[in-house]
Amino acid sequence: MNRPVILLVEDDSASADLARYCLEEGKIETEVVVARDGAEALDYLLGDALPGPGSPLRPSVILLDLSMPGIDGFEVLRRLRTDERTKLLPVVVLSSSNRREDIARSYRLGANSYIRKSANFDRFSEAMRQAAAYWIFLNEALGEEP
Amino acid sequence: MNAENGPIRILIVEDEEDDYVLIRDAFEAAGLAGHLDRVKDGRQMMDFLLHKPAPRLILLDLNMPSMDGRNALAEAKSHPRLRRIPVVVLTTSTSQEDVLRSYDMGVNSYIRKPLQFSRLVEQMEILKKYWFEVVQLPPPEEHPA
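Here the protein sequences line up with chains A and B, keeping their order. Using numbering that gives the first Met the number 0, the letters of the first sequence correspond one by one to residues 0 to 145. Using numbering that gives the first Met the number 0, the letters of the second sequence correspond one by one to residues 0 to 144.
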C-alpha cells in the first residue's frame, strides 16, 4: 500500500533532513517528498506530472517554509491558491518567524495553518509528530477515500 | 503557544444534543473544558460571531436545521472580519461535494466525525494538541470592526 505523501518545501538541507526524520519517525506512516525551493515545489505541484485527486502521489499536506531564495513561501502560496488544480490542497506554513505580520499574511493568503519552527529539538519533533497525525490521520483532503 | 490573549475560546456549532455532549466530553477528557461556547445552528452562529468576542477557532457541523453549516460558512467567509477566524468542519457527511465546497469556501480543515466515542475522544485529543499547542492561530483583530 502507498503511504500518504507530505510535501516539504525547505531550502535548508539540515532543516529538511530533521523535519523528514521527525515526520517519518512517528506512528503515522507517511512518505516525505522534499522540494529544495519554491521553484521545485511549483514544478512538482503545477508541472505536467501533477498528481490529481485520488493519486497516491498527491500530497495530503504541504509544509511550506517562508524564507527561501528566489520564489519565497508567500509567492508559492499565492500561486497555489490561484491555480484551480492546487487551490484546495492543505498548506501549512512552517517557519521560524514569529512575527504577527507573517502569521496574519500567511492565513490571509490561504494557508490552512501556521506552525512556528522551534529551535528546541524536542518541541520541533513533537510539533512534526502532531502535524503528521493531524493532516494524515485526522484531516480529510479532497479525493481521499473515506 | 497562544496564551498571549487570555484563554482561547472555541465555538462549537452543533444542533444534535448527543453529538455536542460527546464533543464536550471529548474536550473535557482532553483538558479543554471551560473553553467552549456552543450554538445550535448557522443563524445562532452568525448572531454569536457578530455580537460576542471572536472565538479563535470554530468547529462547524454541516447538517443543521434553520441555517445549515454550508450557508453559515458562506456568510461568515464573506464577512470582512469574520472570514479570518479559522474554521474546522466536523461532520458525519461523507460527500466529496461537501469536502470540495468546504475547502473552496476557505475552511482550514475537514474532519469526518467517527461513530464510536473512543475514536472521537482520540480525534479531539489530536485536534486539541494540534490547534492549541502546535499551531500559531491568526492574531486576534486589534481593531474589531
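The beta carbon of each residue, even a glycine, is placed where N, CA and C say it ideally should be.
- Every unbroken stretch of the beta strand (DSSP E) spanning 3 or more residues and falling wholly within the segment 27-57 of chain B is given here in chain order: 35-38.
- Non-local beta-carbon contacts of proline 68 (chain A) in its own chain, meaning distances under 7 Å to residues more than five positions away in sequence, involve Asp10, Asp36 in chain order.
- DSSP links proline 58 (chain A) through a beta bridge to A:Val4.
- Boundaries for valine 134 (chain B): no alpha helix (DSSP H) harbours it, and the DSSP string shows neither H nor E there.
- Going by DSSP, leucine 126 (chain B) is part of the alpha helix (DSSP H) stretching over 116-128.
- The way I'd put it, the segment 66-85 of chain A does touch the segment 7-21 of chain A; three or more beta-carbon pairs between them come closer than 8 Å.
- Judged by beta-carbon spacing, valine 86 (chain B) lies within the 7 Å limit of asparagine 107 (chain B), meaning their Cβ atoms are closer than that value.
- Take the alpha-carbon of leucine 79 (chain A) and the one of leucine 108 (chain A): they are about 10 Å apart.
- Contact of serine 112 (chain A) with chain B is assigned, a C-beta pair being separated by under 7 Å.
- Per DSSP, the beta bridge partners of asparagine 138 (chain A) are B:Ile110.
- Inter-segment contact for the segment 88-107 of chain B and the segment 33-46 of chain B is absent: fewer than three beta-carbon pairs are separated by less than 8 Å.
- Judged by DSSP secondary structure, tyrosine 43 (chain A) falls within the alpha helix (DSSP H) whose first and last residues are 37-45.
- In summary, leucine 126 (chain B) is buried, with 16 or more beta-carbon neighbours lying within 10 Å of its beta-carbon over all protein chains present.
- Interface residue (Cβ-Cβ distance to chain B less than 7 Å): arginine 104 (chain A) is not classified as such.
- Taking 7 Å as the upper bound on Cβ-Cβ separation, chain B lies near residues Ala126, Gln129, Ala130, Ala132, Tyr133 of the segment 116-135 of chain A.
- Between tyrosine 109 (chain B) and valine 133 (chain B), the C-beta gap is not smaller than 7 Å, which leaves the two residues out of contact.
- By the rule that beta-carbons nearer than 7 Å mark a contact, glutamine 135 (chain B) touches chain A.
- Each of A:Leu65, A:Asn138, A:Asp121, A:Tyr43 was checked against the Cα of tyrosine 20 (chain A), and the nearest Cα belongs to A:Asp121.
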